[in-house]
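Each residue of the sequence shown is one higher than the one before, starting from 11 at the first, in this note's numbering.
Built from N, CA and C at the ideal position, the CB exists for glycine as well.
First comes the structure, then the notes that go with it.
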Amino acid sequence: MDESQPQTSPPYQPLIRGERVFLRPAEKSDVPTFVRWFADAEMSGFLGMRAPMSEAMEEQWFARMVENQGKEHFHFVMCRLDTSQPIGTISLFKVDEVNGAGGVGISIGEKSLWGQGFGTDAMNALLDFGFGQLRLERIWLDVYDFNTRAKRSYEKSGFVVEGVQRHANYRAGKFHDVLLMAILRDDWAAQTRKRSWDY
């Protein structure tokens with residue numbers, strides 16, 4: 011991203027948006043930004059990454075992602091509505107049309123924006139997409155026990171802990187539990203917040 015260039019809000023009405031962010035497909039030009047985000051040790055630790063990722067490796071991932079987009083996987087770049095700045099990624103994966111389920115993964119790459127509600131806003135927009143457009147019944151995620159900030163954010167969006175995988179993650183010389191969280195369509199439907207299509 012060229013910081014010297016002025017950034018403006020998108021010149022179109024985004025299909026998937028929240029109050030402060032919108033979700034767009036990833037472009038090849040995003041790859042260097044992804045590499046910068048995931049090179050950070052704290053950031054990559056929350057994602058379970060164990061080794062650095064190169065731009066060449068990320069380009070291979072990008073090619074696979076483009077091929078699978080809209081099938082069992084929907085990957086989006088999270089952008090601020092006021093500036094269009096990319097600030098993270100969010101995806102719906104392992105979409106199971108038979109059982110009406112899908113997993114979600116999210117990361118805020120710009121660490122200066124952690125704890126400001128952008129992740130919760132993006133998650134709400136993705137839930138609107140999954141439940142309101144794809145007609146899913148259940149959306150699930152995994153979160154490490156040490157990532158308390160993320161767990162609180164997921165709870166704000168309506169996720170509840172369904173179970174615990176004890177010592178399922180090994181990181182920095184220690185085993186950690188992995189919490190299994192999910193939200194059902196009825197839980198989402200009962201929420202009184204604005205939907206992505208109401209903005």
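Margin query: So, for Trp198: in the same chain, excluding its five sequence neighbours on each side, which residues have a beta-carbon less than 7 Å away from its beta-carbon?
Written below: Same-chain partners within the cutoff: Leu137, Phe141 and Gly168.
**Message:** Let's see if you can read the secondary structure: which residues bound the alpha helix (DSSP H) around Lys166?
**Reply:** Taken as a continuous stretch (DSSP letters only), the alpha helix (DSSP H) holding Lys166 covers Thr158 to Lys166.
Subject >> Counterpart residues of Leu137 in DSSP-defined beta bridges >> reply: For Leu137, no pairing in a beta bridge is given by DSSP.
Note to self: I want to know whether the stretch 159-174 touches the stretch 121-140 - three or more CB-CB distances under 8 Å.
What the structure shows: Yes, they touch.
As an exercise, report each continuous beta strand (DSSP E) stretch of at least 3 residues that is fully enclosed by the stretch 47-122, in chain order.
Within the stretch 47-122, the complete beta strand (DSSP E) segments of 3 residues or longer fall at 83-90, 96-106 and 111-118, listed in chain order.
* Tyr180 burial status per 10 Å Cβ neighbour count (16 or more: buried) -> That one is exposed.
Item to complete: Evaluate Trp47 with the Cβ neighbour count: other Cβ atoms within 10 Å of its Cβ, from every protein chain shown; 16 or more gives buried, anything less gives exposed.
Response: Trp47 is buried by the Cβ-count criterion.
(request) Give the straight-line distance between the Cα atoms of Tyr154 and Leu189, rounded to the nearest whole angstrom. (result) Taking the straight line from one Cα to the other gives about 6 Å.
- The alpha helix (DSSP H) spanning Trp198 covers which residue range? Counting along the chain, the alpha helix (DSSP H) containing Trp198 begins and ends at Arg195 to Ala199.
Query raised in the report: Hey, Ser19 and Leu123: beta-carbon distance below 8 Å or not?
Result: Not closer than 8 Å, so no.
Checklist entry - Roughly how many angstroms lie between the CA atoms of Asp196 and Gln17, to the nearest whole one? => result When rounded, the distance between both Cα atoms is 38 Å.
Let me check understanding here. Comparing Cα to Cα, which of Val45, Arg203 and Leu144 lies closest to Met67? With distances taken between CA atoms, Met67 lies nearest to Val45 out of Val45, Arg203 and Leu144.
ask   = Would you call the CB atoms of Val5 and Phe72 closer than 8 Å?
value = The displayed coordinates of the chain run from 11 to 209. Any statement about residue 5 would go beyond what the structure contains.
- Count the other CB atoms, across all protein chains shown, that sit within 10 Å of the CB of Ser64; report buried if there are 16 or more and exposed otherwise. Its Cβ having fewer than 16 others within 10 Å, Ser64 is exposed.
- Item | Glu77 to His83 span [Cα, whole Å] | Using only the alpha carbons, I get a separation of about 10 Å.
Q | Cβ distance (whole Å) where Ile118 is taken to contact Phe103 below 8 Å | A | About 18 Å; that fails the 8 Å criterion.
Inset, instruction - For my contact list, His85 and Ala36 are in at a C-beta cut-off of 8 Å; report their separation, rounded to the angstrom. - result: At roughly 6 Å, the Cβ-Cβ gap stays under 8 Å, so His85 and Ala36 are in contact.
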